[in-house]
Amino acid sequence: MSLSNEQVENIAHLARLGVNEQDLDTYAVNLSRILEFVEALGTVDTSAVEPLAHPIDMVQRLRPDEVTESDQRALFQSVAPSVEGGLYLVPRVIE
Amino acid sequence: MSVHDKTVSELAAGLAAGDYSSEELTRACLQRIREQGSALNAFITVTEEQALDAARVADQQRAAGRAGPLTGVPVAHKDIFCTRGVRTSCGSRMLDNFVSPYDAHVVERLNAAGMVSLGKTNMDEFAMGSSNETSYYGPVKNPWDTRAVPGGSSGGSAAAVAARLVPAATGTDTGGSIRQPAALCGITGLKPTYGRVSRYGMIAFASSLDQAGPMARTAEDCALLLEAMAGFDRRDSTCVDQPVPRYGEALNRDLDGLTIGLPKEYFGEGLDADVARVVDAAIEEYRKLGVAFREISLKNTALAVPAYYVIAPAECSSNLSRFDGVRFGYRCENPRDLEDLYKRSRGEAFGAEVKRRILVGTYALSAGYYDAYYLKAQKVRRLIRDDFLAAFNQVDLILGPTSPTVAFNLGERADDPVSMYLSDVYTIAVNLAGLPGISHPAGFAHGRPVGVQLIGAHFDEARLLNAVHRYQQVTDWHTRAPEAFA
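Chains as they are written, first to last, in my numbering: chain Z, 345 to 439; chain W, 8 to 493.
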C-alpha cells in the first residue's frame, strides 16, 4: 500500500489538519510504511471472528436522568482562546 | 538529611516516627529537582509553592492524628493528568497554555491520601511515543546514561523516580508507556487491568487501551499507590465497580505452587541476547522461590503491534478531534475562516508523530477502508485476547522481557516510526487484552537496565505485586541507583 501526496492531502483535510506542502513527501513515505506494516493483519483468517471493541466484557452503565453538575461556565471559559458574553468566538460562518 | 534514596514505605515510616516532617522532606526533594534534575528534563512544571502548602497540611494532619500510610509522601504526576490551577500540557504545544479547571480522579485520590505533588513530569506528546523524544518540551535523558532515551511515553516519571528526584510518580499505559520506561530506567511500574483505575481527567489517547498506574522503586510501593488510586468512579464509564483488594496484605504470600508461563514467542527473533540472559537469570531466581515454569504459546503475538497501530491511531484521531482551537488550547493567529482556524491551529500545535497517528487513524476509519483496517484489527484483537485467556487456564502468570533491547540512544530511531513501534512488541498485546502487567528491574545489559515483565489475568494485580515483592526481597536490582544520582 503506497499513498500519494494527493491522498495524504485528502486525509489531512478529513482530519482538519494543516500539513506543510514541503512535508507531504515525508508523510507519504512514513504513512505508506506504516500501512505496509499493518498489512500483516491480512495473513490471518478472521472470517468467523467477532470484532472486539473493549477488552473486558462490560455493559454501558445507566444512571438516572438527573442534573448532577452545577454551572461552571465562567471557569471553563477562562481557558478559552476567545469568548464574549459567555459565547465562544470563531470566525464568521454565516455571511 | 539524606532522604532521596528512601522508598515510599520507608519515607512513610520515617514520617510516622517523626524523623522528619513532610515539609522538610518536600524541601529536600524540591532542592534535588533543582540541583540534579535539570540535566534530565524530567519535569515540565515544578509546583514548589503548592507542594510546600500541601506538605504543611500533611504535617498538621499528622499532628492531629489523622495521617494515613501515604500522608506527607511526595509524588509527581505525569503531565497527562489534569491538575486544578496548574498547567496540564500533555507534552504538547496544543496545551502549553492550558491551566486545568479541575483535578483528575487519580490526582484527587492521591491528594486525599495526603500525598504531596511536586509537579508534572515530561512525556511524549499526547503519550504517543516510546522514547520521550516527541515532547514539545524536549526529550528526557536517561539517568543511567544521558546519551540514552528513558523510554516513553511516561519517560519523565520513570527518569524522575530512577534519579531519586521523587520516590513515586503516576504514569499511563496505552501500549507499554508505564512498563517500557520503567524497564529502560530500572524501576518498577504497574499497568493495572483496563477499568481498574478511573481515567476521569486523564487526557484520552486511545480509549479502549488507556490505563493509569503507579511507578516507583519497588512492588511494595506500587501496591501502596495502587490501593489509593484504584476504585470505582462514575465519571469514567469504563471504570469497573469492583472492590479494591488490600494489595499490601498479599505481598508476602508464599510463591510455592505458583505456575508461570513463558511464551515462546517472547524469546525469539528480535530479542537482544544479553537482555535474554538477564531474563533467564530472573527466571532462576523465581524458581528458587518455588515457582514452576512451563512453556506456553501466544501464537498471534506477531500481529499485536500491527493491530495496535490501527486501533490506537483510529481512536486517537477521534479523541484528538476535540482540540479545535475553539474551547481551550492553542489557536492560530488571524484565522481566515473556521476551516482555516481548525487546520492551522491543529497543524501548528501538534508535533510530527501526533500528526502521523491522526492521519493513519483518519485513513483507517475513512469510507471504504473501515472494514479492511479497523474492523479487521478488532477481530485480530479478539484472537490475541483469547490466546491470553487460554494461557491463563494453564498458568497463573506470564513472564518475559519488557522490551527487546535496553535503552537506545537519543535520535537513533527518531526517523523510523516502525522500528520505534517495535520497542513495545512485548507490552502492546497486554493492552489489547486489557490485562494487568508489571515491569521490574532484573539486571543490566550493555551497561543499561533490563526489565522483566509479568502479566496477570484480569484483576489479578495482587498476584503480580506479590511475585515481584518476593523477588525483590531476595535480589537487590531495585536498589541500584545510577552513579550520578546515587
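Note that CB positions come from ideal geometry on N, CA and C, so glycine has one too.
Annotation: W/Leu-191 to W/Arg-260 spans about 28 Å, alpha carbon to alpha carbon. W/Gln-38 sits in a helix when the DSSP states are folded into three classes. For Z/Gly-362, at least one C-beta of chain W is nearer than 8 Å to its own C-beta. One Cα belongs to W/Ser-205, the other to W/Pro-81, and the distance between them is close to 21 Å.
At a C-beta separation below 9 Å, Z/Ser-346 has no neighbours in chain W, since its nearest C-beta there lies roughly 13 Å away.
Taking every protein chain shown into account, the CB of Z/Val-373 has fewer than 16 other CB atoms within 10 angstroms, so this residue is exposed. Counting the other Cβ atoms within 10 Å of the Cβ of W/Arg-294 gives fewer than 16, which makes it exposed. Across the structure, W/Ile-462 and W/Pro-108 are spaced so that their CA atoms are roughly 36 Å apart.
Residue-level contact check: Z/Asn-374 touches chain W, since one or more beta carbons of chain W fall below 8 Å from its beta carbon. Between the alpha carbons of W/Leu-262 and W/Lys-350 lies a distance of about 56 Å. Around the beta-carbon of W/His-485, 16 or more other beta-carbon atoms lie within 10 Å, marking it buried. Residue-level contact by beta carbon fails for W/Val-173 and chain Z, as no gap is shorter than 8 Å. Rounded to whole angstroms, W/Glu-42 and W/Ala-35 show a C-alpha spacing of 11 Å. With its beta carbon at least 8 Å from every one in chain Z, W/Leu-296 lies outside the interface. A direct Cα-to-Cα measurement between W/Ala-235 and W/Pro-252 gives close to 11 Å. For W/Gly-277, the number of other beta carbons within 10 angstroms of its own is below 16, and it is reported as exposed. In the structure shown, Z/His-357 adopts helical secondary structure according to DSSP, grouped into three states. Residue range 404-408 is occupied by the beta strand (DSSP E) that includes W/Leu-404, with no alpha helix (DSSP H) assigned at that position. With 16 or more other Cβ atoms from the protein chains shown falling within 10 Å of its own Cβ, W/Ala-62 counts as buried. Per DSSP, W/Gln-480 is one residue of the alpha helix (DSSP H) stretching across 468-481. Interface annotation, W/Lys-362: in contact with chain Z, CB-CB separation under 8 Å.
If you draw a straight line from the Cα of Z/Glu-380 to the Cα of W/Ala-321, it is about 16 Å long. Among the residues facing chain W, Z/Arg-417 is not included, as its CB has no counterpart in that chain under 8 Å away.
Going by DSSP, W/Arg-116 is part of the alpha helix (DSSP H) stretching over 112-119. For Z/Leu-431, not one C-beta of chain W is nearer than 8 Å to its own C-beta. Residue-level contact check: W/Asp-263 does not touch chain Z, since none of the beta carbons of chain Z fall below 8 Å from its beta carbon.
Taking W/Thr-266 as reference, the option from W/Gln-479, W/Val-361 and W/Ala-398 with the minimal CA-CA separation is W/Ala-398.
Bounds of any beta strand (DSSP E) do not take in W/Thr-54, whose DSSP letter is neither H nor E. Neighbours of Z/Ser-422 in chain W, taken as residues whose beta carbon is under 9 Å from its own, are Val-106 and Pro-108 in chain order.
By the CB criterion at 8 Å, W/Asp-228 and W/Val-437 fall outside the cutoff. For W/Ser-446, the enclosing beta strand (DSSP E) has its first and last residue at 444-452. Using a Cβ-Cβ cut-off of 7 Å, Z/Gln-404 is close to Ser-244 of chain W, given in chain order. Its chain contains Phe-274 and Pro-408 as the residues whose beta carbon lies nearer than 8 Å to that of W/Ala-283, once the 5 sequence neighbours on both sides are disregarded; these appear in chain order.
DSSP, read as helix, strand or coil, puts W/His-485 in helix. Secondary structure note for W/Phe-105: it is in no alpha helix (DSSP H), with a DSSP letter that is neither H nor E. Shown in chain order are the members of the segment 342-354 of chain W whose Cβ falls below 9 Å from a Cβ of chain Z: Pro-342, Arg-343, Asp-344, Leu-345, Glu-346, Asp-347, Leu-348, Tyr-349, Lys-350, Arg-351, Ser-352, Arg-353 and Gly-354.
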